């Protein structure tokens, strides 16, 4: 009788020496996607859709402009990712003896890699282009912060001098007194201190009116009215600066969300396009 011996040992799978990633196809797709994004960005600028600085003013026109910019950003990601992913899928090396499910996964992975590489390239270009803008923004922020610490409500020195000049306008012609500069400096310091909480104390208000009355020839009551008028204008300027800063902050938040959503759309489109290109390549 012949005995049959069954072996429990399983055949050892041999690891392929060929990488599952076709980097040449990925790089080619990324180059196409980056070039397409750049071309669409130029076209958007020609159409007035600046991706880098939307929502410059709070108005109905600015709102329409913001919506158009957001839509254009999504279109840029959609078109560039579709082209880049399709090129990557169509140019990749055909895999033999690989299950169709694995082929589909690898194709989508190639599309995602293409989108990732293209996004990194565009981000580097955008960061380089925005370096000067960011530097100016930092300088402006430092100026505003320094002005707030000094109690000037972030106004430029020229604006502050303008408001002070309004209070020192003489009602009749004549030359300035020798101590006018000292008086102006004192009033400027009083205003800077008072604007930290948005008002002057009664004693400061009366004193400033007395100084103005002595320098301009106005009656005390008229000088006090002039002080009140200028204080109202200063408060309005301070409120306007706060509103502009708040609008810029809100615009930045909205733009960040729109950019994130457009990037997600781009990643999905690139993966689907690569799978489609790979299927057409195999067929």
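In the numbering used here, the protein residues as written are 1 to 283.
By construction, the Cβ of each residue, glycine as well, lies at the ideal position given by its N, Cα and C atoms.
All values reported here derive from a predicted model rather than from experimental measurement.
Simplified DSSP state of residue 95, which is helix, strand or coil: On the chain shown, position 95 is the one that residue 95 refers to. Residue 95 falls in the coil class under three-state DSSP.
Report yes or no: do three or more beta-carbon pairs, one from the stretch 37–49 and one from the stretch 93–103, lie closer than 8 Å? no
Cβ pair residue 83, residue 32 closer than 8 Å: In the chain shown, the residue the question calls residue 83 occupies position 83. In the chain shown, the residue the question calls residue 32 occupies position 32. Yes, the Cβ-Cβ distance between residue 83 and residue 32 is below 8 Å.
Taking only the alpha-carbon atoms, compute the straight-line gap between residue 118 and residue 97 and give it to the nearest angstrom. Counting from one through the chain shown, the residue named residue 118 turns up at place 118. Counting from one through the chain shown, the residue named residue 97 turns up at place 97. A direct Cα-to-Cα measurement between residue 118 and residue 97 gives close to 31 Å.
Length of the line joining the Cα atoms of residue 189 and residue 182: Sequence index remark: in the chain shown, residue 189 carries index 189 (1-based). Sequence index remark: in the chain shown, residue 182 carries index 182 (1-based). Computed Cα separation, rounded: 11 Å.
Just to confirm my understanding: we take residue 74, look at its own chain, exclude 5 residues before and 5 after, and list those with CB closer than 8 Å. What are they? By 1-based counting over the chain shown, the position of residue 74 is 74. So the qualifying residues of the chain are 258, 261, 262 and 265.
Consult DSSP for residue 217 and reduce its assignment to one of helix, strand or coil. Counting from one through the chain shown, the residue named residue 217 turns up at place 217. Looking at residue 217 - three-state DSSP - the assignment turns out to be coil, as it is neither helix nor strand.
Using the three-state DSSP reduction, which class does residue 37 fall into: helix, strand or coil? Taking the chain shown and counting its residues from 1, the one referred to as residue 37 is at position 37. Helix at residue 37.
Taking the C-alpha atoms as reference points, what is the distance between residue 280 and residue 78? Taking the first residue of the chain shown as position 1, residue 280 is located at position 280. Taking the first residue of the chain shown as position 1, residue 78 is located at position 78. Residue 280 and residue 78: Cα-Cα distance of roughly 20 Å.
Going by other Cβ atoms of all chains shown within 10 Å of its Cβ, with 16 needed for buried, is residue 282 buried or exposed? Here residue 282 refers to the residue found at position 282 of the chain shown. Label assigned to residue 282: exposed.
From the DSSP output, in three-state form, read off residue 178 for me. Position 178 of the chain shown, counted from the first residue, corresponds to residue 178. Unreliable positioning characterises residue 178 in this predicted model, as indicated by a pLDDT of 39, which lies under 50. A coordinate reading is not provided.
Distance check for residue 191 and residue 80, CA to CA, integer angstroms please. Position 80 of the chain shown, counted from the start, is the residue given in the question as residue 80. Position 191 of the chain shown, counted from the start, is the residue given in the question as residue 191. Computed Cα separation, rounded: 55 Å.
Can you grab the Cα-Cα spacing for the pair residue 275 / residue 89, in whole Å? Along the chain shown, read from residue 1 onward, the residue named residue 275 stands at position 275. Along the chain shown, read from residue 1 onward, the residue named residue 89 stands at position 89. Straight-line Cα distance between these residues: approximately 6 Å.
In terms of alpha-carbon separation, which member of 21, 184, 218 and 113 lies closest to residue 273? Along the chain shown, read from residue 1 onward, the residue named residue 273 stands at position 273. Measuring from the Cα of residue 273, the nearest candidate turns out to be 113.
Do residue 28 and residue 87 have their CB atoms nearer than 8 Å? Numbered from its first residue, the chain shown carries residue 28 at position 28. Numbered from its first residue, the chain shown carries residue 87 at position 87. Result yes, Cβ atoms of residue 28 and residue 87 sit closer than 8 Å.
By Cβ distance below 7 Å, which residues in the same chain neighbour residue 209 in space, the five residues on each side in sequence not counted? As a working mapping, residue 209 is identified with position 209 in the chain shown. Cβ within range, chain order: 220, 223, 224 and 227.
7 Å CB neighbourhood of residue 269 in its chain, flanking five on each side removed: As a position in the chain shown, residue 269 is number 269, starting the count at 1. Hits under 7 Å: 78, 81, 82 and 85.
Within 10 Å of its beta-carbon, does residue 37 have 16 or more other beta-carbons around it, so buried, or fewer, so exposed? As a position in the chain shown, residue 37 is number 37, starting the count at 1. Buried, because 16 or more other Cβ atoms sit within 10 Å of the Cβ of residue 37.
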